[in-house]
Amino acid sequence: MLKDITLGQYYPADSVIHKLDPRVKLVWTMLFIISLFVFGSISCYIVVTLVLIGLIRVSKVPLKFMMKGLRAIFMLMLITVIFNLFLTPGTPVVQIWKLTITKEGIRTAAFMAIRLVYLIVGSSLMTLTTTPNDLTDGMEKGLRFLKVFRVPVHEIAMMMSIALRFIPILMEETDKIMKAQMARGADFESGGLIKKAKGLVPLLVPLFVSAFRRANDLAMAMEARGYHGGEGRTKLRPLHYESRDRAAYLLMLVYIAVLILVRIAAPVERLLGIAF
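Residue 546 is where the sequence shown starts when you use the numbering used here, and the numbers rise one by one after that.
This is the structure we're talking about:
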């Protein structure tokens, strides 16, 4: 389960998406996530699905590798679907004891599940095709206008980059500690909820100790190398927009325009006679 988390990992490949400016990928990801919640119709989600499939193919990241990240959110998705199925008021479809599944609940649960899946896949696509250093530079340069409001942009970008980089490291550390504790007779599966919670103590304590040790080592290494924030720092590879980046922005505008047109026309909804 821990090895299935793909968020924060980088998958090296020779693709157009890997070569794009990190600012373009950040804007694309934010726009993609916003579109999942703004354009909530079947027709729009068909367009979003086709675009996402196209981006995955162009990125040359194996679909099987990317889908591994969905296993980590399976329980969250299941709970979300169940809550929406039984707690959404509307036209009754199925009655189970005192619980009622409504037509609106089925629709809401399906859309929420799709949104969660696309949210994870879309976010993973950015981190899998962007190195942590490029992601930091892109966030810092893309948000530098916030310096007018005295926002420490460099520090925020650095913290987010370190957090993303530490996700796979901590997951690997957790897996090693869990296997070591299981070899010593620890049981993380059997028993009730309270017993399972108590069984996590021998896992969480060494994990926190290891995390704080790594954080201290990193801080000492940065201080030893003369790191004192972003003021006056130069970049080894300064970010510059190229023709492919401008083309990506243009495709972004086309994507939004198509979604707006499809949202207005709603061809699938009209074909199925669904009111939206």
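Cβ atoms here follow ideal geometry from the backbone N, Cα and C, with glycine treated the same way. This one's a predicted model, so the numbers in the text were calculated from it and none came from an experiment.
Roughly how far, in whole angstroms, is the beta-carbon of residue i from the beta-carbon of residue j, given that I think they are within contact range, below 8 Å?
| i | j | result |
| --- | --- | --- |
| leucine 715 | alanine 756 | 6 Å |
| aspartate 732 | proline 567 | Not quite, the Cβ-Cβ distance comes to about 44 Å (not below 8 Å), so this is no contact. |
| isoleucine 578 | threonine 674 | Going by Cβ atoms, the distance from isoleucine 578 to threonine 674 rounds to 16 Å, so no, they are not a contact pair. |
| valine 603 | tyrosine 556 | In fact, because the Cβ distance is near 13 Å, the residues do not count as touching under 8 Å. |
| methionine 684 | alanine 658 | Not confirmed; about 30 Å, so no contact. |
| threonine 681 | methionine 703 | 6 Å |
| valine 572 | methionine 727 | Going by Cβ atoms, the distance from valine 572 to methionine 727 rounds to 44 Å, so no, they are not a contact pair. |
| leucine 763 | leucine 670 | Wrong, their Cβ atoms sit about 27 Å apart, outside the cutoff. |
| leucine 784 | lysine 686 | 6 Å |
| leucine 565 | arginine 789 | 6 Å |
With C-beta atoms as the reference, is residue i less than 7 Å away from residue j?
| i | j | result |
| --- | --- | --- |
| valine 569 | alanine 793 | yes |
| glycine 709 | proline 677 | Correcting the residue type first, residue 709 is leucine in the shown sequence and not glycine. The answer is yes: Cβ separation under 7 Å. |
| glutamate 649 | threonine 625 | no |
| valine 813 | serine 588 | yes |
| phenylalanine 584 | leucine 804 | yes |
I need the DSSP call for residue i, collapsed to helix, strand or coil.
| i | result |
| --- | --- |
| glutamine 726 | helix |
| leucine 644 | strand |
| valine 696 | coil |
| proline 637 | strand |
| valine 825 | The chain is shown only over 546 to 821; residue 825 falls outside these bounds and no answer can be derived. |
| arginine 583 | Looking at the sequence itself, residue 583 is valine, so the reference to arginine does not match. In this structure, valine 583 counts as helix in the three-state DSSP scheme. |
| alanine 558 | coil |
Name the one or two DSSP bridge partners that residue i has.
| i | result |
| --- | --- |
| proline 783 | Paired residue(s): none; proline 783 is not in a bridge. |
Spell out a yes or no on whether the region 610-623 and the region 693-709 are touching, meaning 3 or more CB-CB pairs, one atom from each, closer than 8 Å.
Short answer: they don't touch.
Quick check: the region 587-601 against the region 656-669, are at least 3 beta-carbon pairs closer than 8 Å?
Put simply, the region 656-669 touches the region 587-601. At least three CB pairs are less than 8 Å apart.
Can we say the region 720-734 touches the region 743-754, given the rule of at least three CB pairs closer than 8 Å?
Short answer: they touch.
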